[in-house]
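Asker: I have a structure here, written as structure tokens, and I will follow up with some questions on it.
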Amino acid sequence: MHTEPVDLSLLPSDFAWGVATSAYQIEGSPRADGAGESIWDRFAVQPGTILNGDSGETACDHYRRWEEDVELMAELGVGAYRFSVAWTRILPDGAGEVNRAGLTFYERLVDALRDAGIEPYVTLYHWDLPQRLEEAGGWRNRETAGAFVEYARVVSEVLGDRVTRWMTHNEPWVTAFAGHRDGVFAPGRTDFGEALAVGHHVLLSHGLAVPVIRQNVPGASVGIALDCRPAVPATRAPADVAAQRHFDGFRNRWFFDPVFGKGYPSDMMKAYRARGYLPAKSAPWLQSGDLELIAEPIDFVGINYYTSIAVRAGEEESEDTGVPHGSPAPEGYTEMGWPITPGELTRFLERVHETYEPPMILITENGASYSDGPDEAGVIADDRRIRYLERHIGAVAQAAATGVPVAGYFVWSLLDNLEWASGFSQRFGLVWVDHATQQRVPKNSFHWYRQLIGG
Ligand code: FCB
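For the sequence shown, my numbering gives the first residue as 42, with consecutive numbering after it.
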């Protein structure tokens, strides 16, 4: 197949190459060794929440096969692995009693990674809130921020001598809006006003946890992984231009601005009041001093990037990515239905650099869903994934060339795993997983990535 050489010389020589996963999507055995129930365990067993009735009950059985998975990463030659810790394994009720066995699981994993020369990058929260905390109001309840800080303290105390790279949260927008406005992710609620409160408490917990992690971890590098959805107006019509501005505020600025000390965007505050998501004069969840806490300086920002959107009037709060840039999307779509738009990644990285000036940027997730499986000879020719990754790594290199401080890139994902509400129907892995037998088969993209980063 035709591949376009990516000019890696544009990237810093110590650039981190990695892969990423998350606990609920790969681990399975959610209640093993004393772990508590999470909102995803509860959500998944409700009919109609996850396609085909799939769940994280077994997922990729990584909880039992983690050694094999570390070996796969060693074979891949990555220097970095981003994974998340399941809060429910550490504090089964979300707060209170610590479950030592849960800590042991992650200690062993981290030790094996370090022995294999792979730097662990730990995400503390990738959407799996302890169900007990949900019953006390979940992220709608300001006290959950305090519980998160306690959890961050426990984990960083134990892993802090071996893990220096930490992320508080993965994609606060998703926690807030997919979980509390759209109801498509756990805990499945549907109230815009609630989603705003949730987003705020998540950001607050981030700001509060950063100094706690720093205190426990010598030489810590602490950040947050934000999802981004760059947007362009569908046409030059003023109504579409205004819709694009609103969408960008709703999806991007609402989270980036406060994390970087700019507070919540005032145009969005106004718009949300006008739409009745907030009372006329106040934001009930916002207390004095919160914005300063949220703006605690970070060492890096993680960017999760998959696609971008062209916004039409009336769709300024829509997640519908069905409007490509030019129709059909010039570079096609992945099987998630997401238009492939690598150029928007370069532009977004430049914008983050110019607007927010983070000391460092990591691409903490990027990847593509394609269902290509083994042919008769057992070969998985996932050329479209290779092409996608090549185009996006090239886009990151372009940003580096203009001075954006990008320092690492993580493919989503190591393994085909449980893609949330889409279940096992979407495959993002460099490694094929047979979900019936748990057999792992490296795809051609695995070999391609190994060669690319092996130099
Ligand atoms: C991101 C999530 C990750 C994965 C990818 C496809 O939003 O962080 O867990 O599901 O999308």
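Using N, Cα and C, we set each Cβ at its ideal position, and we do this for glycine too.
Quick one: Cα of D55 to Cα of Y450, how far?
Answerer: Going from the Cα of D55 to the Cα of Y450 covers about 12 Å.
Asker: Give the straight-line distance between the Cα atoms of P171 and T276, rounded to the nearest whole angstrom.
Answerer: Those two C-alpha atoms are separated by around 44 Å.
Asker: Determine the extent of the alpha helix (DSSP H) in which M310 is found, giving its start and end residues.
Answerer: Note, M310: alpha helix (DSSP H), S307 to A315.
Asker: Can you find a heavy atom of ligand 1 that lies under 8 Å from the Cβ of V215?
Answerer: Because some heavy atom of ligand 1 lies under 8 Å away, the Cβ of V215 counts as near it: yes.
Asker: Verify whether the separation of the beta carbon atoms of W489 and I427 is less than 9 Å.
Answerer: Against a cut-off of 9 Å, the Cβ pair of I427 and W489 comes out as a contact.
Asker: Could you give the DSSP three-state label for F487: helix, strand or coil?
Answerer: In this structure, F487 counts as helix in the three-state DSSP scheme.
Asker: Between the region 206 to 221 and the region 146 to 154, are three or more C-beta pairs nearer than 8 Å?
Answerer: These segments do not touch.
Asker: Just confirm the distance between the C-beta atoms of I67 and C101, as a whole number of angstroms; I'd bet it's less than 8 Å.
Answerer: Contact holds; Cβ gap of about 4 Å.
Asker: Give me, in chain order, the residues of the same chain whose beta-carbon lies closer than 7 Å to that of D134; leave out the 5 immediate sequence neighbours on both sides.
Answerer: Taken in chain order, the residues that qualify are G77, P171 and R173.
Asker: Looking only at its chain, what residues have a beta carbon closer than 8 Å to the beta carbon of V47, apart from the 5 residues adjacent to it on each side?
Answerer: Closer than 8 Å at the Cβ level, and outside the excluded window around V47, lie E431, I434, G435, A438 and L493.
Asker: Report buried or exposed for Q87, applying the criterion of at least 16 other Cβ atoms within 10 angstroms of its Cβ.
Answerer: Per the 10 Å Cβ criterion, exposed.
Asker: Put T209 into one of helix, strand or coil per three-state DSSP.
Answerer: Three-state DSSP puts T209 in a strand.
Asker: Residue ranges of each alpha helix (DSSP H) run of no fewer than 4 residues wholly in the region 380 to 462, ordered along the chain?
Answerer: Qualifying alpha helix (DSSP H) stretches, in chain order: 383 to 397 and 424 to 442.
Asker: Find the nearest neighbour of L52 within the set G260, A321, A441 and N345, judged by alpha-carbon distance.
Answerer: Comparing Cα-Cα distances from L52 to each of G260, A321, A441 and N345, the minimum goes to A441.
Asker: At 4 residues or longer, and completely inside the region 140 to 164: list those alpha helix (DSSP H) runs for me, N to C.
Answerer: Fully enclosed alpha helix (DSSP H) runs of 4 or longer: 141 to 156.
Asker: What residue does the beta strand (DSSP E) around N182 start on, and which one ends it?
Answerer: Premise fails: N182 is in no beta strand (DSSP E) and is neither H nor E.
Asker: Go ahead and pull the three-state DSSP assignment for D268.
Answerer: DSSP places D268 in strand when its eight states are reduced to three.
Asker: State yes or no: is the C-beta of Y122 within less than 9 Å of the C-beta of V199?
Answerer: No; because the gap between Cβ atoms is not below 9 Å, this pair is not in contact.
Asker: May I ask whether a heavy atom of ligand 1 can be found less than 8 Å away from the beta carbon of F291?
Answerer: Every heavy atom of ligand 1 is 8 Å or more from the Cβ of F291, so no.
Asker: Rounded to a whole number of angstroms, what is the C-alpha to C-alpha distance between R181 and K303?
Answerer: Cα-Cα distance, rounded: 23 Å.
Asker: Decide if R468 is buried, meaning its Cβ has at least 16 other Cβ atoms within 10 Å, or exposed.
Answerer: When all chains shown are included, R468 counts as buried.
Asker: Looking at ligand 1, does it come within less than 8 Å of G408, judged from the CB to the closest heavy atom?
Answerer: Under cutoff, so the answer is yes.
Asker: Alpha helix (DSSP H) containing S125: first to last residue?
Answerer: Note, S125: premise wrong, no alpha helix (DSSP H); beta strand (DSSP E) at A121 to S125.
Asker: Any idea which residues DSSP pairs Y166 with across the strands?
Answerer: DSSP, once it has assigned bridges, lists H210 as partnering Y166.
Asker: Which first and last residues belong to the alpha helix (DSSP H) in which A76 is found?
Answerer: Neither: A76 is in no alpha helix (DSSP H) and is coded neither H nor E.
Asker: Given a cut-off of 9 Å, decide if R481 and D110 are closer than it, judged by their beta-carbon atoms.
Answerer: Taking 9 Å as the Cβ cut-off, D110 and R481 qualify as a contacting pair.
Asker: Assuming W107 is part of the alpha helix (DSSP H), what are its boundary residues?
Answerer: Run containing W107: H103 to L117, per the alpha helix (DSSP H) assignment.
Asker: Does the distance from the CB of S63 to the CB of N211 come in under 9 Å?
Answerer: Yes, the Cβ-Cβ distance between S63 and N211 is below 9 Å.
Asker: For W58, list the residues DSSP reports as bridge partners.
Answerer: Y450.
Asker: Secondary structure at V253, three-state DSSP: helix, strand or coil?
Answerer: Note: V253 maps to helix in three-state DSSP.
Asker: Kindly list the residues whose CB is nearer than 6 Å to the CB of D82, restricted to its own chain and excluding five residues on each side of it in sequence; keep chain order.
Answerer: The residues are P71.
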